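Asker: Structure provided below as structure tokens; questions to follow.
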Amino acid sequence: MKKVSKVIASMILVFVGFIAFNASNTTTASAASTTSFSSVYKVAKSHLGASYVYGATGPYAFDCSGFTGYIYKKGASVSLPRTAQAQYNALDHVSYKNIKKGDLVFFGGSKASISHVGMYIGNGKMIDAQNRGVVREAVHAPWWHAVGYARVADAN
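When you line the sequence shown up against mature numbering (1 follows the signal peptide of the UniProt record, and there is no 0), it's residues -31 to -1, 1 to 125, in that order.
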């Protein structure tokens, strides 16, 4: 009977250890997600007011996809493709109702003709590089036509 009790006690300890291990990994993943957005956003904010130059990838001037590529590389060590269309094509798409801080917002005539990208920062706003330079603005401004949203998997 003592052997059976010891086996059951050992199984319970293994089970409790498994539960604790999984719970700590979930917490770590969630914390990493918050830290990654915070780091990327910190880099993005530090460049508010930087000039817009077509084809520029920073650190003093940017075009839209040069900006998103730069902030993810510096803030989360994630490399993104060079153009807005290539970024959209390479990333996992999400719906607007499921958008999270740090997701990318794409604009253009359609999902096949994307001409602009910005990073969602919450409350319907994004930070992007455009003709006024690097600015914060509404995602659904009258001059933009949002056609898609995507998650940068390694950073969210």
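Backbone N, C-alpha and C fix where the C-beta goes; we use that ideal spot for every residue, glycine too.
The structure presented is a predicted model; accordingly, all values stated were derived computationally and were not measured.
Can you give me the C-alpha to C-alpha distance between Pro50 and Gly93, rounded to a whole angstrom?
Answerer: 25 Å
Asker: Work out the CA separation of Gly24 and Ile68 for me, nearest whole Å.
Answerer: 27 Å
Asker: State yes or no: is the C-beta of Gln99 within less than 8 Å of the C-beta of Tyr21?
Answerer: Taking 8 Å as the Cβ cut-off, Gln99 and Tyr21 qualify as a contacting pair.
Asker: Does any heavy atom of the ligand ADP sit closer than 7 Å to the C-beta of Pro111?
Answerer: Among the ligands in the structure shown, none appear at all, so the ligand ADP cannot be discussed.
Asker: According to DSSP, Lys94 sits in a beta bridge with which residue or residues?
Answerer: Gly91, Ala107
Asker: Using 8 Å for Cβ pairs, my map puts Ile40 next to Met95. What's the rounded Cβ distance?
Answerer: Between Ile40 and Met95, the beta carbon gap of about 12 Å keeps them out of contact (Cβ cut-off 8 Å).
Asker: Taking 7 Å as the limit between beta carbons, can you name the residues of its chain near Gln54, skipping five residues before and five after?
Answerer: Ile83
Asker: Is Ala19 closer than 8 Å to Gly102 when the C-beta atoms are compared?
Answerer: Yes. Within cutoff.
Asker: Pull up the distance between the alpha-carbon of Leu73 and that of Lys11, whole angstroms please.
Answerer: 16 Å
Asker: Quick one: what does DSSP say Tyr23 is sitting in, helix, strand or coil?
Answerer: coil
Asker: Following the continuous beta strand (DSSP E) through Ala59, name the residue where it begins and the one where it ends.
Answerer: Counting along the chain, Ala59 falls outside any beta strand (DSSP E), though it belongs to the alpha helix (DSSP H) covering 53 to 59.
Asker: Can you list, in chain order, the residues of its chain with a C-beta nearer than 6 Å to that of Leu17? Leave out the 5 residues immediately preceding and following it.
Answerer: Non-local beta-carbon contacts of Leu17 in its own chain, meaning distances under 6 Å to residues more than five positions away in sequence, involve Val103 in chain order.
Asker: How close, in whole Å, do the beta carbons of Val9 and Ala45 come, if the pair is a contact with beta carbons under 8 Å?
Answerer: 5 Å
Asker: When DSSP labels each residue in this structure, what does Ser84 get in the three-state scheme?
Answerer: Strand, per DSSP.
Asker: Identify which residue in Gly27, Gly117, Gly38, Phe36 has its Cα closest to the Cα of Lys80.
Answerer: Its Cα nearest to that of Lys80, the residue Gly117 stands out among Gly27, Gly117, Gly38, Phe36.
Asker: Nearest to Val121 by alpha carbon, out of Phe75, Val108, Pro111, Arg105?
Answerer: Phe75
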